[in-house]
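Engineer: Per my numbering, the sequence shown runs over residues 2 to 363. By construction, the Cβ of each residue, glycine as well, lies at the ideal position given by its N, Cα and C atoms. Sharing a structure with you now.
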Amino acid sequence: MTTNTATGAVPAADQASGGASVSLQNLSRFFGTIRALDGLSLEIAPGEFVALLGPSGCGKTTVLRILAGFETADSGSVTVNGRDVSHVPPARRDMGMVFQSYSLFPNMSALDNVAFGLRMRKKAGPQRRSQAAELLGLVGLADQARQYPHQLSGGQQQRVALARALAIEPSVLLLDEPLSALDAKVRLQLREQIRSLQQRLHTTTLFVTHDQEEALSMADRVGVMRSGRLEQLAAPSELYAQPATSFVAEFVGTMNRIPGDIEGDGRVSVLGAALPIRGSRPDGPVDVLIRPEELRIAAAPGGNGIVTMATFLGSLTRISVLLSGDVTVQIDVPSAGSAALAPGTSVNVTVTEAEVLVTGRK
């Protein structure tokens with residue numbers, strides 16, 4: 002599911018999936034003189050998983066809190082399944098939320114924590130216990146149903162929090178940095194489980210994270226935010242391969258900045274190649290933005306660079322090369338063929354033929 006616009010209009014063919022549709026239109030939010038959101042619009046299809054990614058203070062958590070009803074936008078609207086909920090209290094929005102902190106009730110067992118929302122909705126005791134037990138089984142914690150939060154690991158507590166949010170069968174699931182307090186191995190396991198559950202239940206989901214790998218591996222579409230606006234909203238592969246702006250290009254993944262020269266035909270000359278430019282080009286000197294895998298390297302006496310470092314990354318090795326002009330670039334090569342590229346080796350660096358983004362030179 003892809004889009005070519007920052008507001009991310011969803012193809013009509015995708016509207017038939019389960020879950021609720023969400024429409025955020027022209028949201029603005031100020032905190033004193035600070036503009037947290039600046040006319041942000043976002044469309045989420047029924048059953049879609051959208052992640053918001055961006056630096057601290059970009060407004061991504063404010064979007065989540067406005068959708069949940071914990072914050073009120075200064076202007077704009079929030080619509081769920083065609084119903085304007087902009088001024089509906091949080092408890093009446095039919096949304097489940099999982100926070101960074103687990104927020105479990107310490108005096109309740111895992112089963113009672115999951116059943117709490119059902120009790121608030123006046124579900125009968127046997128029904129809510131059965132439903133809570135089913136959700137605990139779904140997140141792999143059936144054997145821990147009678148344990149209290151202090152008896153559970155951090156990852157287990159977060160799974161209880163996820164089961165509690167899903168127990169009420171929300172129209173929208175909101176995830177606010179839910180994995181950031183966990184260690185790397187548990188984060189990996191939980192993100193796979195959250196994605197698997199979301200696909201199985203077809204719950205419309207908005208996920209806020211600062212972790213690029215989480216966003217790109219879990220979401221149908223990822224929105225990159227900057228200063229209260231969406232810079233780009235697209236499928237993960239499109240976001241990485243075809244960033245719409247230099248900010249997105251440098252924020253997502255690793256990006257090299259290499260000085261280039263604009264040619265008379267509008268192409269840019271870099272590392273001996275004349276490449277077509279994607280998007281606009283600034284006035285004055287430019288840098289060309291090129292991914293590590295888009296560069297080629299070969300040992301060559303008298304080449305245009307010197308290897309300064311080789312970092313083993315498993316199947317790939319990242320080679321750092323100092324080019325003339327005191328510019329360092331990163332190049333990814335198969336580890337099996339990296340032995341000839343030890344530090345101190347003279348090399349020739351070239352670039353593959355492709356459209357490139359250019360930006361003002363730093």
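DSSP state of T353, grouped into three classes?
Structural biologist: Residue mapping note: residue 353 aligns to position 352 of the sequence shown, counting from 1. Three-state result, T353: coil.
Engineer: Jot down the residue ranges of each uninterrupted beta strand (DSSP E) in the segment 13–60, minimum 3 residues, whole runs only, in chain order.
Structural biologist: Listed in chain order, they are 23–32, 35–45 and 50–54.
Engineer: CB-CB under 6 Å to I407, same chain, minus the five flanking residues each way: which ones, in chain order?
Structural biologist: No statement about residue 407 is possible, as the shown extent of the chain runs from 2 to 363 and does not include it.
Engineer: With DSSP as the reference, label N114 as helix, strand or coil.
Structural biologist: In the sequence shown, the residue the question calls residue 114 occupies position 113. It is helical.
Engineer: How many angstroms separate the CA atom of L342 from the CA atom of T329?
Structural biologist: As a first step, residue 342 is located in the sequence shown; it is residue number 341 there, counting from the start. As a first step, residue 329 is located in the sequence shown; it is residue number 328 there, counting from the start. Cα to Cα, L342 sits roughly 15 Å from T329.
Engineer: Can you give me the Cβ contacts of P171 inside the same chain, cut-off strictly under 8 Å, excluding the 5 residues immediately before and after it?
Structural biologist: Walking along the sequence shown from the start, residue 171 turns up at place 170. Hits under 8 Å: D95, M96, G97 and T204.
Engineer: Tell me whether R30 counts as near the ligand HEM, meaning its Cβ is closer than 7 Å to at least one heavy atom of that ligand.
Structural biologist: In the structure on display, the ligand HEM does not appear, and there are no ligands present to speak of.
Engineer: For S18, which residues from the same chain have a beta carbon less than 7 Å from its beta carbon, with the 5 sequence-adjacent residues on both sides left out?
Structural biologist: Within the sequence shown, residue 18 is the residue found at index 17, counting from 1. Since pLDDT at S18 reaches only 42, below the 50 mark, its modelled position is unreliable, and the value read off the structure follows with that caveat. Once the five neighbours on either side are set aside, the close Cβ partners of S18 are A46, P47, G48 and H203.
Engineer: From F263 to E239, what does the alpha carbon distance come to, in whole angstroms?
Structural biologist: If you number the sequence shown from 1, residue 263 lands on position 262. If you number the sequence shown from 1, residue 239 lands on position 238. Here the sequence assigns Ile to residue 263, which means Phe is not the residue at that position. Approximately 26 Å between the Cα atoms of the pair.
Engineer: Return helix, strand or coil for P293, following the three-state DSSP convention.
Structural biologist: Stepping through the sequence shown from its first residue, residue 293 is reached at position 292. Three-state DSSP puts P293 in a helix.
Engineer: In three-state DSSP terms, what is F106?
Structural biologist: Taking the first residue of the sequence shown as 1, we reach residue 106 at position 105. Coil at F106, not helix or strand.
Engineer: Kindly identify the DSSP beta-bridge partner or partners of P335.
Structural biologist: Here residue 335 corresponds to residue number 334 of the sequence shown, with the count starting at 1. Per DSSP, L317.
Engineer: Exposed or buried, what is T210 when buried is set at 16 or more other beta-carbons lying within 10 Å of its beta-carbon?
Structural biologist: Counted from its first residue, the sequence shown places residue 210 at position 209. Buried is the call here.
Engineer: For Q26, which residues of its own chain have a beta-carbon under 6 Å away from its beta-carbon, when the five flanking residues on both sides are left out?
Structural biologist: As a working note, residue 26 is residue 25 in the sequence shown. Hits under 6 Å: S42, G77 and S78.
Engineer: Helix, strand or coil, according to DSSP, for Q101 in the structure here?
Structural biologist: The residue given as residue 101 occupies position 100 in the sequence shown. DSSP places Q101 in coil when its eight states are reduced to three.
Engineer: Alpha carbon to alpha carbon, how far is S347 from G267? Give it in angstroms, no decimals.
Structural biologist: Within the sequence shown, residue 267 is the residue found at index 266, counting from 1. Within the sequence shown, residue 347 is the residue found at index 346, counting from 1. Taking the straight line joining both Cα atoms gives about 32 Å.
Engineer: Since I believe P91 is in contact with F71 (beta carbons under 8 Å), could you give me their beta-carbon distance rounded to a whole number of angstroms?
Structural biologist: Counting from one through the sequence shown, the residue named residue 71 turns up at place 70. Counting from one through the sequence shown, the residue named residue 91 turns up at place 90. Contact holds; Cβ gap of about 6 Å.
Engineer: What span of residues does the beta strand (DSSP E) with Q200 cover, start to end?
Structural biologist: Mapped onto the sequence shown, residue 200 falls at position 199. Counting along the chain, Q200 falls outside any beta strand (DSSP E), though it belongs to the alpha helix (DSSP H) covering A185 to L202.
Engineer: Locate the beta strand (DSSP E) running through M256, then write down its first and last residues.
Structural biologist: Indexing the sequence shown from 1 puts residue 256 at position 255. Neither: M256 is in no beta strand (DSSP E) and is coded neither H nor E.
Engineer: Return the CA-CA distance between S325 and G306, expressed in angstroms with no decimal places.
Structural biologist: Looking up residue 325 in the sequence shown gives position 324. Looking up residue 306 in the sequence shown gives position 305. Roughly 6 Å between the two C-alpha positions.
Engineer: Quick one: what does DSSP say F71 is sitting in, helix, strand or coil?
Structural biologist: Position 70 of the sequence shown, counted from the start, is the residue given in the question as residue 71. Note: F71 maps to coil in three-state DSSP.
Engineer: Going by the DSSP bridge assignment, what does R227 pair with across the sheet?
Structural biologist: As a working note, residue 227 is residue 226 in the sequence shown. Looking at the DSSP assignment, R227 forms a beta bridge with R230.
Engineer: Go to A275, then tell me how far its beta strand (DSSP E) extends in each direction, as first and last residue.
Structural biologist: For the purposes of this step, residue 275 is identified with residue 274 of the sequence shown, where counting begins at 1. Unbroken beta strand (DSSP E) run through A275: A274 to L276.
Engineer: Mind checking who T80 pairs with in its DSSP beta bridge?
Structural biologist: Start at 1 with the first residue of the sequence shown, and residue 80 comes out as number 79. Beta-bridge pairing links T80 to S24 and D85.
Engineer: Under 8 Å between C-beta atoms, does Q243 make it to chain D?
Structural biologist: Annotation note: the requested chain D is absent from the structure, which comprises a single protein chain.
Engineer: Using only the alpha-carbon positions, how far apart do L136 and A168 sit?
Structural biologist: As a working mapping, residue 136 is identified with position 135 in the sequence shown. As a working mapping, residue 168 is identified with position 167 in the sequence shown. So the two alpha carbons sit approximately 7 Å from each other.
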